[in-house]
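So the sequence shown is numbered by UniProt numbering: it starts at 1 and just counts up by one.
A virtual CB, placed ideally from N, CA and C, is assigned to each residue, including glycine.
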Amino acid sequence: MVKRKIEIKRIEKDTSRQVTFSKRRNGLLKKAFELSVLCDAEVAVIIFSQKGRIDEFSSSDMHQTIERFHKHVNGGEINMAEVEQYVQHLKHESATMAKKIEILEASQRKYSGNDLDFCPVEELQEISSQLGRSLCSITERKAQLYMEQLEQLKGKERFLLQENAQLCEECGAKPLVEFSAQRERAFAPARCEKAGACFCLCKLQGPK
């Protein structure tokens, strides 16, 4: 005999509804108990009847299970809110960074001499002044490097002259002191000329 399928809808007859409630309530509580035993799960069931009667089952302490449930739900909501806030922060930072990159790329094109057609006179003057200050800084740095290289060469020269003097002393020959003095007099005008050129260039470009 084929079992008739019951349509799931509200039972209109009070007596039949009460009988069905009692049977299914007992079955639900039995299944909850079996699930907790077979699967070692923490199970809690709370049932309120139409008349306000409460039936419950818990495999452990009901209050502890409810508290654990609230902590889990509230913690999940907090984490989701933090994640959403962090995502929004990253989007804002990304948009800000993209805008800064766009501005820097536009400035780089202008300092390279491109995209100047729509620049006002004031902006062109600022670009010219900035390029002048940059050129002055580059010139100063080059002069500093030249002076450092010159000092290194002079140090090497002094070392070689000392070596030469020792060899000449051993051999009884005359050391090359006059040659060193001539080189010192020859380098002095070059240093003054480079320093003066850098000073004049910076003066023409204006203060930094």
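Between S36 and S59, the C-beta gap is smaller than 8 Å, which places the two residues in contact. According to DSSP, S129 shares a beta bridge with no other residue. Classified as exposed, A81 has fewer than 16 neighbouring CB atoms from the shown chains inside 10 Å of its CB. When the alpha-carbon of S49 is set against those of K71, P120 and T20, the nearest one is in T20.
The beta-carbon separation of I66 and E56, rounded to 10 Å, does not stay under the 8 Å limit for a contact. Out of Q130, S94 and E93, the CA that lies nearest to the CA of K110 is found in Q130.
Annotated three-state conformation of S36 is helix, per DSSP. For I47, the enclosing beta strand (DSSP E) starts and ends at A44 to F48.
Beta-bridge partners of F57 (DSSP): V45. DSSP places N114 in the coil class of the three-state scheme, outside both helix and strand. Straight through space, the alpha carbons of K142 and E170 are spaced by roughly 42 Å. For the 8 Å CB-CB criterion, L116 and L124 form a contact. DSSP, read as helix, strand or coil, puts G52 in coil. Inter-residue distance for K154 and S112 is about 39 Å (C-alpha atoms, whole angstroms). Take the alpha-carbon of Q166 and the one of M147: they are about 28 Å apart.
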